[in-house]
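Visitor: Shown below is the structure under consideration.
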Amino acid sequence: MSTTESTGTCPVMNFNHYQEMPFGEKIDLYDGLRDEAPVIRNEFANGHYIVTRYDDILSVYQEPETFSNQAVTVFNPNPTYRWIPEMLDGDEHLQWRRQLGPHFSPKAVERLEDKVRSRAVSLIEDIAKRGSCDFMQDFAFQYPSFIFLELMGLPFEDLDQFMEWEHDILHFSGTAEETAKRREDATNGVNAYFAKIIEQRRIEPKDDLVTKALSFQIDGKPVNDEDLGAFCLLMFMAGLDTVSATLGTIYYHLALHQDDRQRLVDNPELIPTAIEEFVRPNNHIGFGAGPHRCLGSHLARRELKIAMEEWHRVIPNYRLAEGSAPTEAGAQLGPSGNVILEWDV
Ligand code: HEM
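For the sequence shown, this note's numbering gives the first residue as 53, with consecutive numbering after it.
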């Protein structure tokens, strides 16, 4: 990567970039940056470089000795917290990944198949009767949240609370101060919630990921409560919004491109290939690369596959409702609201 020969500047990516905007504008901005230069210097938020092209991004992912994961957001270059395993480097990271790996393997995901499918079916059958839905609120945010609750052994009654925290941490749109305050309050809420769950699981173990993590060891010692909490928080952030945003992108596209939708309805065996294309064309790095490559990629693919199979079986014909103007807010790429779908009942 030649940082000196071709470095652009980026006057547009600033705090407003994280505010609510019409869906699609962010991707246009990133496309523009890619065309402008392979490396962009942005002075916003303490100053940082943005690597814009596939080969260079891949090199960065694959050079963890040079590019540490200790800081993962431009808003905070010297964090006093760590999201686990995302913000760990080296051997400590490797030890976490070795112990987490079996719980996210294709076999482990296979064991969740029935539960994931029945959750998708019950949500979709309920929505189908209505003839229209607010896709992000009624399906895309709820479905991965249910699966997260299942994985972590948490009660389904807490769904609304989790969705509220998710919104405040990842999608709140307001002034810089309001946004920071909402994010901090919600993060504290998630941390306090998990501190209680960890305490409960120590007394009464369950068949869930929190209980399994209690037996993890790093450097021969049990993981402490602070790190267990940091792991739970990261699971919450990594596993929910990513799947919701991908679902939003998929259904927005299919609602507007009836040929593609019909092809998947007629040939459901094409769904896995379509998912790879939606996450990005093969060979893609939509799930990252190198040591931090997405731990949940098998689960994510399975969630998306089941959602698409069941939705198109029950609601094969749908369109974007007139006046539906999808929005995007926060750091996650993909619609965050106002994807209104309708169909004949
Ligand atoms: C379409 C859905 C998803 C996408 C596009 C996605 C994407 C990514 C990417 C790009 C990374 C790498 C971040 C980095 O290098 O710093 C990552 C890491 C991670 N993802 Fe995913 N993800 C998805 C779903 C999930 C799900 C469902 C889970 C778990 C339930 C999950 C758990 C994780 C974890 C734990 C990490 C951190 C891995 C580490 O640091 O070693 N992800 N994901």
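All C-beta atoms in this analysis are idealised placements derived from N, C-alpha and C, irrespective of residue type, glycine included. If you're wondering where the values come from, they're calculated on a predicted model, not measured in any experiment.
I need the straight-line Cα distance from residue 396 to residue 217, nearest angstrom please.
Guide: Within the sequence shown, numbered from 1, the residue matching residue 396 stands at position 344. Within the sequence shown, numbered from 1, the residue matching residue 217 stands at position 165. About 34 Å.
Visitor: For residue 382, which of helix, strand or coil comes out of DSSP?
Guide: Within the sequence shown, the letter at position 330 stands for residue 382. In the structure shown, residue 382 adopts coil according to DSSP, grouped into three states.
Visitor: Would you identify the three-state DSSP class for residue 388, choosing helix, strand or coil?
Guide: The count along the sequence shown starts at 1 and reaches residue 388 at position 336. Coil at residue 388, not helix or strand.
Visitor: Does the separation of the CB atoms of residue 222 and residue 71 fall below 8 Å?
Guide: The sequence position of residue 222 within the sequence shown is 170, counting from 1. The sequence position of residue 71 within the sequence shown is 19, counting from 1. Cβ atoms of residue 222 and residue 71: not closer than 8 Å.
Visitor: Are there 16 or more other CB atoms within 10 angstroms of the CB of residue 375, so buried, or fewer, so exposed?
Guide: One-based indexing of the sequence shown puts residue 375 at position 323. Flag for residue 375 reads exposed.
Visitor: Could you tell me the alpha carbon to alpha carbon distance between residue 156 and residue 347, rounded to whole angstroms?
Guide: Stepping through the sequence shown from its first residue, residue 156 is reached at position 104. Stepping through the sequence shown from its first residue, residue 347 is reached at position 295. Spanning the two alpha carbons is a distance of roughly 7 Å.
Visitor: Okay, do the segment 175-182 and the segment 362-372 touch, 3+ Cβ pairs below 8 Å being the bar?
Guide: yes
Visitor: With which residues is residue 162 paired in a DSSP beta bridge?
Guide: Along the sequence shown, read from residue 1 onward, the residue named residue 162 stands at position 110. Answer is none; residue 162 lacks a bridge partner.
Visitor: Would you identify the three-state DSSP class for residue 55, choosing helix, strand or coil?
Guide: For the purposes of this step, residue 55 is taken as residue 3 along the sequence shown, with counting starting at 1. For residue 55, the predicted model reports a pLDDT of 48, less than 50, meaning its position is unreliable; a value from the coordinates is still stated below. It is coil, neither helix nor strand.
Visitor: In whole angstroms, what is the alpha-carbon distance linking residue 120 and residue 315?
Guide: To locate residue 120, count along the sequence shown from 1; it is residue 68. To locate residue 315, count along the sequence shown from 1; it is residue 263. About 43 Å.
Visitor: Taking all protein chains shown into account, decide if residue 79 is buried (16 or more other Cβ within 10 angstroms of its Cβ) or exposed.
Guide: Numbered from its first residue, the sequence shown carries residue 79 at position 27. It counts as exposed.
Visitor: Would you check if the segment 253-271 and the segment 104-115 touch, i.e. whether three or more CB-CB distances between them fall below 8 Å?
Guide: no
Visitor: Is residue 137 near the ligand HEM - that is, is its Cβ less than 7 Å away from at least one heavy atom of it?
Guide: By one-based count along the sequence shown, residue 137 stands at place 85. Yes.
Visitor: Following a CB-centred definition, is residue 149 positioned closer than 7 Å to any heavy atom of the ligand HEM?
Guide: Working through the sequence shown from its first residue, we reach residue 149 at position 97. Residue 149: yes, Cβ under 7 Å from the ligand HEM.
Visitor: Mind checking whether the beta-carbon of residue 294 lies closer than 7 Å to any heavy atom of the ligand HEM?
Guide: Translated into positions along the sequence shown, residue 294 becomes position 242. For residue 294, the shortest C-beta to heavy atom distance toward the ligand HEM is below 7 Å.
Visitor: When the Cα atoms are used, what is the spatial distance from residue 95 to residue 118?
Guide: Sequence index remark: in the sequence shown, residue 95 carries index 43 (1-based). Sequence index remark: in the sequence shown, residue 118 carries index 66 (1-based). Taking the straight line joining both Cα atoms gives about 22 Å.
Visitor: From the DSSP secondary-structure annotation, give me the bridge partner or partners of residue 94.
Guide: Within the sequence shown, the letter at position 42 stands for residue 94. Looking at the DSSP assignment, residue 94 forms a beta bridge with 100.
Visitor: Can you tell me the Cα-Cα spacing of residue 152 and residue 211, whole angstroms?
Guide: Translated into the one-based positions of the sequence shown, residue 152 becomes position 100. Translated into the one-based positions of the sequence shown, residue 211 becomes position 159. Roughly 24 Å between the two C-alpha positions.
Visitor: Check each candidate in 98, 97, 102 and name the one with the smallest Cα separation from residue 89.
Guide: If you number the sequence shown from 1, residue 89 lands on position 37. Among 98, 97, 102, the Cα nearest to that of residue 89 is on 102.
Visitor: Express the C-alpha separation of residue 253 and residue 159 in angstroms, rounding to a whole number.
Guide: On the sequence shown, position 107 is the one that residue 159 refers to. On the sequence shown, position 201 is the one that residue 253 refers to. Cα to Cα, the separation comes out at about 25 Å.
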